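Below, the structure written as structure tokens:
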């Protein structure tokens with residue numbers, strides 16, 4: 137009994153069959169590449185949106201410096217009273233051994249004003265942390 141063959145198989149030689157399989161594999165690879173590119177583009181849009189949401193959420197909350205200051209018992213304002221930001225604040229402590237007094241403060245790196253001080257206290261002060269220009 138003869139082995140059944142595909143009708144088109146009689147007319148094709150081995151080189152044509154191999155070329156057809158290679159073309160099919162290339163088509164599958166191109167389709168997979170397009171799917172990955174579409175997925176990557178969607179992922180990047182999602183990452184950008186999540187990053188923007190995260191930045192907005194962080195802007196609404198206290199800065200890490202403010203959180204550290206709260207953990208150390210700082211109870212004053214955690215926003216610079218002059219420029220109104222929380223981003224450039226750093227936490228500091230002071231002590232006077234002669235009187236035994238000590239405390240902590242948040243100071244704005246941008247303008248040098250302490251976060252707990254009203255702006256009028258420093259009306260005639262020059263900023264202590266002026267950014268240096270890069271030449």
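In our numbering, the protein residues as written are 137 to 271.
Positions of the beta carbon are idealized from the N, C-alpha and C atoms, including for glycine.
Treat the numbers as computed from the prediction; the structure is a model and nothing was measured.
Next on the checklist: Here's a check: name, in chain order, each residue in its chain whose Cβ is nearer than 7 Å to the Cβ of residue 169, leaving out the five neighbours to either side.
Outcome noted: Here residue 169 refers to the residue found at position 33 of the chain shown. Nothing listed; no residue qualifies.
Next on the checklist: Could you tell me the alpha carbon to alpha carbon distance between residue 152 and residue 179, rounded to whole angstroms?
Outcome noted: As a working mapping, residue 152 is identified with position 16 in the chain shown. As a working mapping, residue 179 is identified with position 43 in the chain shown. Roughly 40 Å separates the two Cα atoms.
Checklist entry - Any idea which residues DSSP pairs residue 237 with across the strands? => result Taking the first residue of the chain shown as position 1, residue 237 is located at position 101. Answer is 232, bridged to residue 237.
Item to check | Exposed unless 16 or more other CB atoms sit within 10 angstroms - verdict on residue 270 | outcome: On the chain shown, residue 270 is found 134 positions in, with the first residue counted as 1. Unreliable placement is indicated for residue 270, whose pLDDT of 45 sits below 50; no coordinate value is reported for it.
Checklist entry - Roughly how many whole angstroms lie between the Cα atoms of residue 172 and residue 162? => result In the chain shown, the residue the question calls residue 172 occupies position 36. In the chain shown, the residue the question calls residue 162 occupies position 26. Rounded to the nearest angstrom, the two C-alpha atoms are 15 Å apart.
Next on the checklist: Distance check for residue 189 and residue 135, CA to CA, integer angstroms please.
Outcome noted: Beyond the ends of the chain as shown, which are 137 and 271, falls residue 135; an answer cannot be given.
Next on the checklist: What does the alpha-carbon distance come out to for the pair residue 156 and residue 186?
Outcome noted: As a working mapping, residue 156 is identified with position 20 in the chain shown. As a working mapping, residue 186 is identified with position 50 in the chain shown. Their backbone Cα atoms lie some 45 Å apart in a straight line.
Checklist entry - What's the gap between the Cα of residue 174 and the Cα of residue 160? => result What you label residue 174 is simply residue 38 of the chain shown in a count that begins at 1. What you label residue 160 is simply residue 24 of the chain shown in a count that begins at 1. Cα to Cα, residue 174 sits roughly 21 Å from residue 160.
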